[in-house]
């Protein structure tokens, strides 16, 4: 055999054996030690000390970690920001797949929690007695940190939806603040007719927004029983209630299609092109930071409803969870308990503009009485804390919600490109989700 | 190329000498094996299995993934898209680069050195930054596109469904004309001056000089630039993916085959199917690249 | 005696149009780097507006988050020096080997390399990631450096260049003088290959400086990010609930990221220019 041929064979052999080696390694066991879960274990872990890694993109995260280290000098917290949203989840997912390299504590939004919990990647915190903290939080956020029978985190913040509107635009065009969605559509018509360069809202297709509005309308499209039984019905009664209204806006071209969080979007909010934003209670922070051109011109009102009876949904919000591959789950759980339940930590969080999930803070008069200069002196927190108590219950996210939201744009989002019937888009989305779920080993009933 | 010396030396020792070439090639090949061959081998292996993302459990499925891929309209529409992109963008970009290189080499341009640097500049800009800048330009409410539309009375929306591919093509062209221009210019610099003098004596004008001397000298460079551009077009990912933040419903997750593979992996954890996409795309790209290389080589490289 | 045609104003004018096209986005970048965060969304994009904040922005870019931008800059330099430097070395050696030694299988070598490059990098990312993870290399600089050591274009360039630039006779006579192959490479060939090496180095530097996708996948710890990935993270910071947008830093950071490359090009250009024009008289 000539040298060249032999070299080729050697290379092939190396590649093959490497590949085989990795096949064995690819679904590596999570390298974690199971702690003896009990409430005392948390305090014991804090006493013992150690080092934990905390991944989060919360603006106040680093400060909170530092405050924790001050309170518990024996513990070192390595705070790392590995990206916002999808990038963060990709990093976490990669670490889970590789079986190593992940943090002890990771920020997980409520929408993503079922995915990671049902995968079996998170530690159930029930054993640490954290169920006793139920009354510290709002009902809806407490629901959000439960998946099936397990408790997987403590609520960090909440995002009850309200309607933020440009008061100056409303006054200029003589538009009344809508209380029902029908009034909202009428306002949209009135505004756009009076000034074709202005729109009541912008919606280029956003899965978080869509699911929250379906929630508010009473829709419950996603249901999971046990580990594998999933039902998806994106045409249930509540969903259809929402599409009936929203189609009028989309098909009627009464909403513009500027994608959120872009340069154009911020400018449009600033100059009145977009007159309302219906979003979670964290929106004021965004406006204050990035839309300074409209300072003093915005106000907040309760979200419009279908029948005039107040009800809303959550939009965004996160918890922190402990990864099973953590080497020190007790200490990690203790950190989570401090992070989202200790007043010292929550104060730091609130200072950076977060909206609380804790009833104590929501009910505090100082919080409610806050008069916002950006909102023309309005006591915005009164509206928002009231909204926090009006979130309708029983909402569930899919065990593969992150995937669902990634492909939302390819399917349901297409209705927004063509200004066509949203129902058709939702049905396409549903089909894709059913197919994916079944392929991945779930038993999915497609409504 | 060197000719075999016709001394009395036996051929065996020449061959032994030539084999020493492996010393120089080996370091490159070792790293190459690690960073390309091994992952490719692993990707082939992945494509023959099916793993469930959430419940584990890997099953051998043989060519099922490939069968599924051949019937996958989302993959083929993305593939068609990069073919169209290739057929339009690559010639435009290479033509611009060629003209620029010829112009700079012609000694008839004022401040040629300045032009050379500036045209190369965009290549030095990372795709993240380039897309950020052009993304702003394309804004139809507040961007440059808005101003141009007002000026010319047009209603072009660069980020709309009909224009998105062209807009991406523009960014890629802007980024890489300079790179290709340098390749062509380097080839031109090696042309011996005697050739030019002989041509001048024969009375050849500028155009004739270009056609008879410069273009033939550029043949090899054009071939290799074409091959790398083809490979780059088939692998189109950075620009559409970064631009996707602005228009996620237009630039869908299957917009290009590479994006499809990316979102299959990192969005849906469908690593096996993603590997299948990669292998199929790789084979197709390689075949086309070889064809181009062969045709180019036949004309005497 | 031939007459030299004069410089053409028409050609220059036409070329200048292209120049405008090339520079426009960069001008946008420069202008907007002078704006504060508030002014960014409130002033027209292609002209100045708001208080002049360039130096404030630069200062903030370097000090934000405990000066992580400087760390990213350092990382990028590390990756470039080791990655591009290594790539140039490997490509030069391999190109020389392919050019001067007619061993069987050398065309196959290049064909295999071209073939492997044809496979989309993004889908190789997962297998590469898993491989590197099993070897404990993820989240380390090696995960970025090792993949960037392979430059197929560099290989090709040196191969073609060495064929002509290093005469066989020179190599032969060195052999007759008793020099070993490696000695010949370093003392004879390298000197002749300089312009080619500089070109390869230039391209390798740019490509490692702008390396984005693989570091994004391989590295979780922002302490090891290169500038491109870091900028991407800053850019994403402005989205969604609980966001803390820093667009002015993204823009200023982008500007600062491009400048070293431009400087490097201007520097390398002198070597490259003198090397290539040796032997041809043109301006």
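Chains as they are written, first to last, in my numbering: chain E, 36 to 482; chain R, 117 to 417; chain D, 801 to 1083.
Just so it is clear, CB atoms sit at the ideal spot from N, CA and C, and this is done for glycine as well.
Remember, predicted model here, so these are calculated numbers, not experimental data.
What's the gap between the Cα of residue i and the Cα of residue j?
{"i": "residue 352 of chain E", "j": "residue 912 of chain D", "result": "50 Å"}
{"i": "residue 438 of chain E", "j": "residue 460 of chain E", "result": "17 Å"}
{"i": "residue 323 of chain E", "j": "residue 333 of chain E", "result": "10 Å"}
{"i": "residue 1064 of chain D", "j": "residue 257 of chain R", "result": "38 Å"}
{"i": "residue 998 of chain D", "j": "residue 966 of chain D", "result": "16 Å"}
{"i": "residue 1022 of chain D", "j": "residue 117 of chain E", "result": "6 Å"}
{"i": "residue 358 of chain R", "j": "residue 292 of chain E", "result": "19 Å"}
{"i": "residue 242 of chain E", "j": "residue 436 of chain E", "result": "10 Å"}
{"i": "residue 396 of chain R", "j": "residue 328 of chain R", "result": "41 Å"}
{"i": "residue 481 of chain E", "j": "residue 176 of chain E", "result": "28 Å"}
{"i": "residue 1012 of chain D", "j": "residue 899 of chain D", "result": "32 Å"}
{"i": "residue 421 of chain E", "j": "residue 397 of chain E", "result": "9 Å"}
{"i": "residue 816 of chain D", "j": "residue 227 of chain R", "result": "11 Å"}
Which residues in chain E sit within 8 Å of residue i, going by Cβ to Cβ distance?
{"i": "residue 1038 of chain D", "result": "296 and 325"}
{"i": "residue 939 of chain D", "result": "136"}
{"i": "residue 257 of chain R", "result": "293, 299, 302, 303 and 308"}
Does the beta carbon of residue i come closer than 7 Å to any beta carbon on chain E?
{"i": "residue 269 of chain R", "result": "no"}
{"i": "residue 169 of chain R", "result": "yes"}
{"i": "residue 986 of chain D", "result": "no"}
{"i": "residue 252 of chain R", "result": "yes"}
{"i": "residue 186 of chain R", "result": "no"}
Which term fits residue i, buried or exposed, when burial requires 16 or more other beta carbons within 10 angstroms of its beta carbon?
{"i": "residue 232 of chain E", "result": "exposed"}
{"i": "residue 971 of chain D", "result": "buried"}
{"i": "residue 907 of chain D", "result": "exposed"}
{"i": "residue 847 of chain D", "result": "exposed"}
{"i": "residue 236 of chain E", "result": "buried"}
{"i": "residue 378 of chain E", "result": "exposed"}
{"i": "residue 156 of chain R", "result": "buried"}
{"i": "residue 240 of chain R", "result": "buried"}
{"i": "residue 465 of chain E", "result": "buried"}
{"i": "residue 278 of chain R", "result": "exposed"}
Mind checking whether residue i and residue j have CB atoms under 7 Å apart?
{"i": "residue 348 of chain E", "j": "residue 251 of chain E", "result": "yes"}
{"i": "residue 76 of chain E", "j": "residue 365 of chain E", "result": "yes"}
{"i": "residue 180 of chain E", "j": "residue 190 of chain E", "result": "yes"}
{"i": "residue 316 of chain E", "j": "residue 309 of chain E", "result": "no"}
{"i": "residue 457 of chain E", "j": "residue 281 of chain E", "result": "yes"}
{"i": "residue 81 of chain E", "j": "residue 369 of chain E", "result": "yes"}
{"i": "residue 371 of chain E", "j": "residue 95 of chain E", "result": "no"}
{"i": "residue 119 of chain E", "j": "residue 362 of chain R", "result": "no"}
Could you list which residues in chain R have their beta carbon closer than 8 Å to that of residue i, in chain order?
{"i": "residue 931 of chain D", "result": "154, 155 and 158"}
{"i": "residue 444 of chain E", "result": "364, 365, 368 and 369"}
Taking only beta-carbon atoms, is residue i less than 7 Å away from chain D?
{"i": "residue 274 of chain R", "result": "no"}
{"i": "residue 302 of chain E", "result": "yes"}
{"i": "residue 224 of chain R", "result": "yes"}
{"i": "residue 118 of chain E", "result": "yes"}
Counting only beta-carbon separations shorter than 7 Å, does residue i have a partner in chain R?
{"i": "residue 246 of chain E", "result": "no"}
{"i": "residue 1044 of chain D", "result": "no"}
{"i": "residue 113 of chain E", "result": "no"}
{"i": "residue 807 of chain D", "result": "yes"}
{"i": "residue 872 of chain D", "result": "no"}
{"i": "residue 831 of chain D", "result": "no"}
{"i": "residue 285 of chain E", "result": "no"}
{"i": "residue 452 of chain E", "result": "yes"}
{"i": "residue 828 of chain D", "result": "yes"}
Residues of chain R with CB closer than 9 Å to the CB of residue i, please, in chain order.
{"i": "residue 98 of chain E", "result": "Within 9 Å Cβ-Cβ: nothing; residue 98 of chain E doesn't reach chain R, min ~28 Å."}
What in chain D is Cβ-close to residue i, meaning under 8 Å?
{"i": "residue 126 of chain E", "result": "1020"}
Would you mind telling me which residues of chain E sit closer than 7 Å to residue i, beta carbon to beta carbon, in chain order?
{"i": "residue 379 of chain R", "result": "441"}
{"i": "residue 838 of chain D", "result": "327"}
{"i": "residue 382 of chain R", "result": "125"}
List, in chain order, every chain D residue whose beta-carbon is nearer than 7 Å to that of residue i.
{"i": "residue 206 of chain R", "result": "Under the 7 Å cutoff, chain D gives no residues; its nearest Cβ is about 15 Å from residue 206 of chain R."}
Name, please, each residue of chain D whose Cβ falls closer than 9 Å to the Cβ of residue i.
{"i": "residue 305 of chain E", "result": "841 and 842"}
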